[in-house]
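Take a look at the structure set out below.
2 protein chains.
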Amino acid sequence: MELEFWFSIGSTYTYLTVMRMNEIERNHNISLRLMPFSVRQIMLDMDNAPFPPNKASKVKYMWRDIERRATKYGFTANVPAPYPLQEFDRANKIALVGFQDGWIKDYVLQSYTNWFQSGLEAGGDENLAKTCNVLSLNMDDIIARSQSQEIDKLYKDQTSAAAKKGIFGSPSFMVGDEVFWGDDRLEDAIGWLKSH
Amino acid sequence: MELEFWFSIGSTYTYLTVMRMNEIERNHNISLRLMPFSVRQIMLDMDNAPFPPNKASKVKYMWRDIERRATKYGFTANVPAPYPLQEFDRANKIALVGFQDGWIKDYVLQSYTNWFQSGLEAGGDENLAKTCNVLSLNMDDIIARSQSQEIDKLYKDQTSAAAKKGIFGSPSFMVGDEVFWGDDRLEDAIGWLKSH
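Respectively, the protein sequence lines represent chains A and B.
So the number in this note's numbering is just where the residue sits in the first sequence, counting from 1, plus 22.
So the number in this note's numbering is just where the residue sits in the second sequence, counting from 1, plus 22.
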């Protein structure tokens, strides 16, 4: 059984899901289908900014909540991590290159690990260099491919598809027409997948 | 052990907690201390509108999520319920009268039941009449008391206290300095209460 995992690298709460991907697949005997899109574009279209600076208490809470939840899950989170990402689109376009090549999952996991554990923002040169090193990828080649018209079109298509499905945040999980939004709904989504 | 439950009548997700209050207290051997405040005022101060009409997909999701979660918990939710409330402040000021008199929990439970199961908006005349009938309260007397300077001051004080604690949404649960936001964090809050 396959569960669609829609996400943007750049979403903070998505860290909690990314770190659990392998365990979730193993424990529930499912595969996650990683579907990158631009949640930033969808939020701009909705005139929605979830954690802007003038919402200081909400931002403070977000980091603390992620930290507590990570601890509960059994891993660490060095918060606050650099935010928002300067190279948001690059990070996600490279994920789409990895989608085509088959290394998307390792790339996303490594990018988030470097971001939330080593403080290197995803999509940035340092993070990418480290990620490419671990995955034995050619960084210049990957960046060049991420700038192609093909990937740009795929990115836009993924984002339109997400919006059409009613997705407005990351992470989201799709089971048929049902949207489950947030790492804290992942178990609900799996339950729905298994019972429908 | 006591858990502070900060809320506003008018918050949609708070329905999920209100319906579980008695079961939570029994199953975890704790008491909830009901603390009404104006989440609307805090959101205005933060320039935050969580579910405005231009975020149609988010609003649609909210109702579906509440419906699914209610089913999971074992009760119903007739969604969409009337929203937003016309008499938000009246609903919460009456809760403060109930806080003083000791019937706050029954009032909140009955108000939400009438709102989410019978479609009568909380704070409105019909809902209040039904609630007062069930609780054997004099509706005119309760309304008059809710309009007193004393209750107005208490309402403002509660809201300032909530903001000072870092609360920005309803429901929120406080354990010491730790804020847990959302019905989906209630079990985390209870876990924290028992282990700290």
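Idealized CB from N, CA, C, for every residue including glycine.
Rounded C-alpha distance that separates N155 of chain A from K115 of chain A: Taking the first residue of the first sequence as position 1, residue 155 of chain A is located at position 133. Taking the first residue of the first sequence as position 1, residue 115 of chain A is located at position 93. One C-alpha to the other measures close to 18 Å.
Keeping to the same chain, check which residues put their C-beta closer than 8 Å to that of A97 of chain B; ignore five residues upstream and five downstream. By 1-based counting over the second sequence, the position of residue 97 of chain B is 75. Before going on, a small fix: residue 97 of chain B reads as Phe here, not Ala. Hits under 8 Å: M41.
Since R55 of chain B is in the beta strand (DSSP E), which residue starts that stretch and which ends it? As a first step, residue 55 of chain B must be located in the second sequence, where it is residue number 33. For R55 of chain B, the enclosing beta strand (DSSP E) has its first and last residue at S53 to P58.
Give the DSSP bridge partners of W203 of chain A, in chain order. Within the first sequence, residue 203 of chain A is the residue found at index 181, counting from 1. In the DSSP assignment, W203 of chain A forms a beta bridge with A:S194.
Using beta carbons (cut-off 8 Å, strictly below), is S60 of chain B in contact with chain A? Here residue 60 of chain B is taken as the residue at index 38 of the second sequence, counted from 1. By the rule that beta-carbons nearer than 8 Å mark a contact, S60 of chain B does not touch chain A.
Residue environment, S140 of chain A, which counts as buried when at least 16 other CB atoms sit within 10 Å: Here the question's residue 140 of chain A lines up with position 118 in the first sequence. Residue burial is scored here from C-beta neighbours: S140 of chain A has fewer than 16 other C-beta atoms within 10 angstroms and is therefore classed as exposed.
When the distance is taken between beta carbons, is G145 of chain B closer than 8 Å to E200 of chain B? Counted from its first residue, the second sequence places residue 200 of chain B at position 178. Counted from its first residue, the second sequence places residue 145 of chain B at position 123. Contact: no.
Please name the residue, chosen from B:E47, B:D174, B:Q63 and B:D210, that lies closest to K94 of chain A on a Cα-to-Cα basis. To locate residue 94 of chain A, count along the first sequence from 1; it is residue 72. The shortest C-alpha separation from K94 of chain A is found at B:D210.
Could I get the ranges of all uninterrupted beta strand (DSSP E) runs contained in the region 60-125 of chain A, with 3 residues as the minimum, in chain order? Runs of the beta strand (DSSP E) inside the region 60-125 of chain A: none found.
Any Cβ of chain B within less than 8 Å of the Cβ of W203 of chain A? Here the question's residue 203 of chain A lines up with position 181 in the first sequence. Yes, W203 of chain A counts as interfacial toward chain B.
For a cutoff of 8 Å on Cβ pairs, would you count K77 of chain A as touching chain B? Locating residue 77 of chain A in the first sequence gives position 55, where the first residue counts as 1. Yes, its Cβ sits closer than 8 Å to a Cβ of chain B.
What residues in the region 79-109 of chain B have a beta carbon less than 9 Å from any beta carbon of chain A? Contact residues of the region 79-109 of chain B toward chain A are S79, K80, K82, Y83, R86, D87, R90, R91 and K94 (C-beta to C-beta distance below 9 Å).
Whole runs of the beta strand (DSSP E) within the region 132-200 of chain A, excluding any shorter than 3 residues: Positions of the beta strand (DSSP E) runs, each at least 3 residues long and wholly inside the region 132-200 of chain A, are given as 194-197 in order along the chain.
Tell me the rounded alpha-carbon separation between D123 of chain B and A117 of chain B. Residue 123 of chain B sits at position 101 when you count from the first residue of the second sequence. Residue 117 of chain B sits at position 95 when you count from the first residue of the second sequence. So the two alpha carbons sit approximately 10 Å from each other.
In the DSSP output, which residue or residues are listed as bridge partners for W28 of chain A? Position 6 of the first sequence holds residue 28 of chain A. Residue pairing of W28 of chain A in beta bridges, as defined by DSSP: A:M57 and A:S194.
Neighbourhood of G138 of chain A by C-beta, 7 Å cutoff - its chain only, sequence neighbours within 5 removed: Against the first sequence, residue 138 of chain A aligns to sequence position 116. Looking at the sequence shown, residue 138 of chain A is not Gly but Phe. Y37, A99, N100 and A103.
Beta carbons nearer than 7 Å to chain A: which residues of the region 177-196 of chain B have them? Within the region 177-196 of chain B, the qualifying residues are G188 and F190.
Could you round the C-beta distance between N136 of chain B and N149 of chain B to whole angstroms and report it? I think they count as a contact, below 8 Å. Taking the first residue of the second sequence as position 1, residue 136 of chain B is located at position 114. Taking the first residue of the second sequence as position 1, residue 149 of chain B is located at position 127. Contact between N136 of chain B and N149 of chain B holds: their C-beta atoms lie close to 5 Å from each other, under 8 Å.
Would M68 of chain A pass as an interface residue toward chain B - the criterion being a Cβ-Cβ separation below 8 Å? Residue numbering aside, residue 68 of chain A sits at position 46 when the first sequence is read from its first letter. Closer than 8 Å: yes.
Relative to the ligand SAM, is the shortest distance from any of its heavy atoms to the C-beta of L25 of chain A smaller than 7 Å? The ligand SAM is absent from the structure shown, which contains no ligands of any kind.
D206 of chain B versus chain A: which residues are under 9 Å apart at the beta carbon? On the second sequence, residue 206 of chain B is found 184 positions in, with the first residue counted as 1. Simply G204, D206 and R207.
How would you call Q132 of chain B, buried or exposed, if buried means at least 16 neighbouring beta carbons within 10 angstroms? Sequence index remark: in the second sequence, residue 132 of chain B carries index 110 (1-based). By the beta-carbon neighbour count (other beta carbons within 10 angstroms, threshold 16), Q132 of chain B is buried.
Residue burial classification, P58 of chain B (beta-carbon count within 10 angstroms, cutoff 16): Working through the second sequence from its first residue, we reach residue 58 of chain B at position 36. Buried is the label assigned to P58 of chain B, since at least 16 other Cβ atoms lie within 10 Å of its Cβ.
DSSP beta-bridge partners for S33 of chain B? Taking the first residue of the second sequence as 1, we reach residue 33 of chain B at position 11. B:I31, per the DSSP bridge assignment.
Which of helix, strand or coil does DSSP assign to R48 of chain A? Position 26 of the first sequence holds residue 48 of chain A. In the structure shown, R48 of chain A sits in a helix (DSSP, three-state: H, G or I).
May I have the straight-line CA-CA distance separating I46 of chain A from W214 of chain B, to the nearest angstrom? Sequence index remark: in the first sequence, residue 46 of chain A carries index 24 (1-based). Sequence index remark: in the second sequence, residue 214 of chain B carries index 192 (1-based). Their Cα atoms are separated by approximately 24 Å.
Hey, A203 of chain A and L157 of chain A are a contact pair by Cβ (cut 8 Å); roughly how many whole angstroms apart? Position 181 of the first sequence, counted from the start, is the residue given in the question as residue 203 of chain A. Position 135 of the first sequence, counted from the start, is the residue given in the question as residue 157 of chain A. The amino acid at residue 203 of chain A is misidentified as Ala; the sequence shows Trp. Wrong, their Cβ atoms sit about 29 Å apart, outside the cutoff.
For S192 of chain A, collect the residues of the same chain with a Cβ closer than 6 Å to its Cβ; drop the 5 residues on either side in sequence, then sort them by chain order. Along the first sequence, read from residue 1 onward, the residue named residue 192 of chain A stands at position 170. Once the five neighbours on either side are set aside, the close Cβ partners of S192 of chain A are F29, S30, S33, T36 and V61.
Is the separation between the beta-carbon of F190 of chain A and that of M68 of chain A shorter than 8 Å? The residue given as residue 190 of chain A occupies position 168 in the first sequence. The residue given as residue 68 of chain A occupies position 46 in the first sequence. It is a contact, given that the beta carbons lie within the stated cut-off.
To the nearest angstrom, how far is it from the Cα of R48 of chain A to the Cα of R86 of chain A? As a first step, residue 48 of chain A must be located in the first sequence, where it is residue number 26. As a first step, residue 86 of chain A must be located in the first sequence, where it is residue number 64. Each residue's CA atom was taken as its position, placing R48 of chain A and R86 of chain A some 28 Å apart.
Going by DSSP in three states, M41 of chain B sits in which element: helix, strand or coil? Counting from 1 along the second sequence, the entry for residue 41 of chain B is found at position 19. Per DSSP, reduced to three states, the secondary structure at M41 of chain B is coil, with no helix or strand assignment.
Return the residue from the list B:A92, B:E172 and B:A113 that minimises the CA-CA distance to L142 of chain B. Counting from 1 along the second sequence, the entry for residue 142 of chain B is found at position 120. The candidate whose alpha carbon is nearest that of L142 of chain B is B:A113.
8 Å Cβ cutoff met for K77 of chain B and G188 of chain A: Numbered from its first residue, the second sequence carries residue 77 of chain B at position 55. Numbered from its first residue, the first sequence carries residue 188 of chain A at position 166. Going by beta carbons, K77 of chain B and G188 of chain A fall outside the 8 Å limit.
How long is the line joining the alpha carbons of M43 of chain A and L54 of chain A, rounded to whole angstroms? Taking the first sequence and counting its residues from 1, the one referred to as residue 43 of chain A is at position 21. Taking the first sequence and counting its residues from 1, the one referred to as residue 54 of chain A is at position 32. M43 of chain A and L54 of chain A have their alpha carbons spaced roughly 7 Å apart.
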